[in-house]
Every structure is written in C-alpha cells, then in structure tokens.
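Protein chains in written order, with the numbering used here: chain A, 2 to 85; chain B, 3 to 335.
See below:
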C-alpha cells in the first residue's frame, strides 16, 4: 500500500507538471492573447506574473495533498501502536 | 535514432567513464581518509566514519569521457566544453562546501554561476519543445531560465543525497532515461555526455551503495546535479528532465515549503527522521520538521535504510519511465 500511495503521488506530480504547464500556457494565452500587441512589453510581463501565480497555486495544491497523506498515515500508525 | 558508429562511440565513452570512476575511487578514498576528510554515517548504530568528497571520482570519469567524446564527435566540441565547464565549476563549489560549509542562500547563487559556460558558448536553443504544447519562443527569457536550470537540479540532488546510494543510484536511472531520449532524438554528442555521466555514476554507485564505503559529498551531488541540468539545456530536453527528476523536485519542494525558506540539513533542529535502537528509521512527529521524501516514505511505518533507498530507486524508475513517455508527447502539440 505504501508503494502504491507514493507512486500515486509521484504520478500526480509528473502529470501535474506536464498538464499544469499545458493548462498554464493555455490559460495565460486565453486571458492575455497575442492579439494584444499594442502594449507588448506590458502583456509579456503580465503573462509572466500570471504564470507565476498559477504555478504557486499548483505548488500549494501539491503541499496540501502531501500534508494530508503524511499526517493521515502517521496518525493511523500512532493509533495502531496505542491499541493493546 | 543514432547510427551504428555513433552508438559504438557512445558505448565506448560510457565504459571509459565507468572505468575511470571505478578505478579512481580506491586510491582517492584512502588518500581522503588519511587527510581526515571523512563524514559520519548517521543512519548506522555504530556511526562509522566514511571518506567524503569521493564525488571527485565521478567528475574525473565524466571529464575523461567528455574529452574522449570531444575526440569522437569533434564537430560538437563547443557543447562538450560547455558541459564540462559547468560540471567543473559546480564540482569546485562542492569542494568548497565540503571543506567549509556555505550558507544555504549563497549555495544556489554560486551554483547558478556554473551556468556561465553554457551562456558564454551559447550552447542552448531558446525555443524549448513541451509535451502537448509544442515549441515555446522564449528568446529573451530563456538565458535567465538557464541559471535556474543549473542551480535547481544541483541543489535538489544535493538535498536527496541522504542515504547510502540514494543519490548515485537514483541519478544513474535518471541519466539512463535522459540518454535513451537523447539517443531517440538522434543527438549523438548529448547522448555521449549522458552516458558518460551514467557510466561514472554506476562506477561510483558500486562503492556508495549500502553499506557505503565512500560518500560523494557536496562535490559529487552539486557536480552531478548541475550536469543533469546542463544536459537538459544542451540536449533541449527540458520537459523530459523535469519529469525524470520528479522525486527530487518533490523532496526539495516539500522541504522548502515546510521550512518556508532555503535551509541546510545541518541547521534543522527538529529532525524529520530518527534512528531507532533496532537500526530501523522512522518518521518523527515534530510539526515543524520538514516533510521530506524520506519522511513521506516512512509515514506508514519504520523501514531499514536499504529499503528506503530501494523505494527511492523504484520511484525514480517510475518517474524516468514517465519522462520517456513525455518525450513521445512532444510530437502531439
């Protein structure tokens, strides 16, 4: 079970990297399309900022899932030890 | 795919790297032990003293094999010079860190400097190809990203070098996957560099696996981590490298997110893992200890050191397989 849970976390990380970048590029291009060429530099800077915000939100999601798995597992091990 | 002549050359380069690394370790470790350059194996009950900085043997293997590669693939010697320059600069930073520990903020900055040969020799393509997306045009941004492409893997590999064979074994699997991807893409020079690193790491792993007779030290981990970063840039396989390094990324990110800043293992007061009197390792329940990959592995109960390393090797094999699959997704923009 341990290996399955860890492999699940790893697959989630790998897929979230690949699909996360895909979604980020798509989301950023949708919100700030290339047609806005009048203020090219401003658009580019905003794109980088938006991509960073999305990346941060996605990293926080990793952290929430990992913390949940870790403390849930540790809790069940502790409860198992306390049983007579 | 590589042609038969290039394939033979890549195999020769890999064997030379293995031989140099494997044969250098015994005299090097004896010399380092005599000089008192030793570290304590803290995950053993008897706390043995093990020669440190033996990652120099990996650097020697990569350097000799790189020079051979330069002779065999002469028309691409600029790429080889950039790769070796990055490895040697990162290795020098590692030597300094082993002899006189650097601050956790200074180390990433210094390792970013190791990207200088790649930038100066312009051995990069600012239009990386990502799975499902296709080509990204990052002409202005890409040179800045190279600094991260070297510093992040160098420090992430350094952070996972915690158990006997954990760094050398997992990174050997990663470089094998990167080598296969580069071979599939037909880049003979970068393939030879990946297999030079693979051969060197394999030679080192035979001495570094449980129970370790040598430690690579920061010299080994920073140099090999930077080498993987350099391969990703020179070979234009950025997305594949990110996927293959997933266990390292998980470990580094979880550690950084738990502590909330850059940190050195030495300065952590609440240890994430403790050694029990029966020789097994277990995760501590300190709320302020970093949730590292090791602590995650131990979340469901204690394990022996070699079992933890085996789990890390399996996870890296899985991430490397996904990385090879990601390479084929490049064709689906």
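Positions of the beta carbon are idealized from the N, C-alpha and C atoms, including for glycine.
Query: Verify whether the separation of the beta carbon atoms of residue 304(B) and residue 291(B) is less than 9 Å.; Result: no
Query: Give, in chain order, every unbroken run of the alpha helix (DSSP H) that is at least 4 residues long and sits entirely within the stretch 74 to 157 of chain B.; Result: 79 to 101, 108 to 115 and 118 to 122
Query: Under 9 Å between C-beta atoms, does residue 187(B) make it to chain A?; Result: no
Query: Sort 272(B), 7(B), 314(B) and 217(B) by Cα distance to residue 97(B) and report the nearest one.; Result: 217(B)
Query: If you reduce the DSSP assignment to three classes, tell me which class residue 40(B) lands in.; Result: strand
Query: Alpha carbon to alpha carbon, how far is residue 86(B) from residue 107(B)? Give it in angstroms, no decimals.; Result: 25 Å
Query: Using alpha carbons as the reference points, say which of 72(A), 2(A) and 11(A) lies closest to residue 286(B).; Result: 72(A)
Query: Please confirm whether residue 171(B) and residue 296(B) have their CB atoms less than 9 Å apart.; Result: no
Query: If you follow the beta strand (DSSP E) that residue 52(B) is in, where does it begin and where does it stop?; Result: 51 to 53
Query: State the start and end residues of the unbroken alpha helix (DSSP H) segment that holds residue 284(B).; Result: Premise fails: residue 284(B) lies in the beta strand (DSSP E), 283 to 285, not in any alpha helix (DSSP H).
Query: Should residue 42(B) be labelled buried (16 or more other beta-carbon atoms within 10 Å of its own) or exposed?; Result: exposed
Query: Can you list the residues of chain A that residue 241(B) reaches, using a CB-CB cut of under 9 Å?; Result: 18, 19 and 22
Query: Between 185(B), 37(B) and 163(B), which lies nearest to residue 13(B) when the distance is taken from Cα to Cα?; Result: 185(B)
Query: Could you check the C-alpha separation between residue 288(B) and residue 272(B) for me, to the nearest Å?; Result: 6 Å
Query: Please go through the same chain and pick out, in chain order, the residues whose beta-carbon is closer than 6 Å to the beta-carbon of residue 201(B), but skip the five residues on each side of it.; Result: 16, 19 and 20
Query: Do the CB positions of residue 179(B) and residue 19(A) come within less than 9 Å of each other?; Result: no
Query: Along the stretch 289 to 306 of chain B, what residues have a CB closer than 8 Å to any CB found in chain A?; Result: 293, 297, 298, 299, 301, 302 and 303
Query: So residue 57(B) packs on residue 232(B), CB below 8 Å; how close in whole Å?; Result: Actually they do not touch by this definition, with Cβ atoms about 16 Å apart.
Query: How far does the beta strand (DSSP E) with residue 277(B) in it reach, from first residue to last?; Result: 275 to 277
Query: How is residue 79(A) classed by DSSP in three states: helix, strand or coil?; Result: helix
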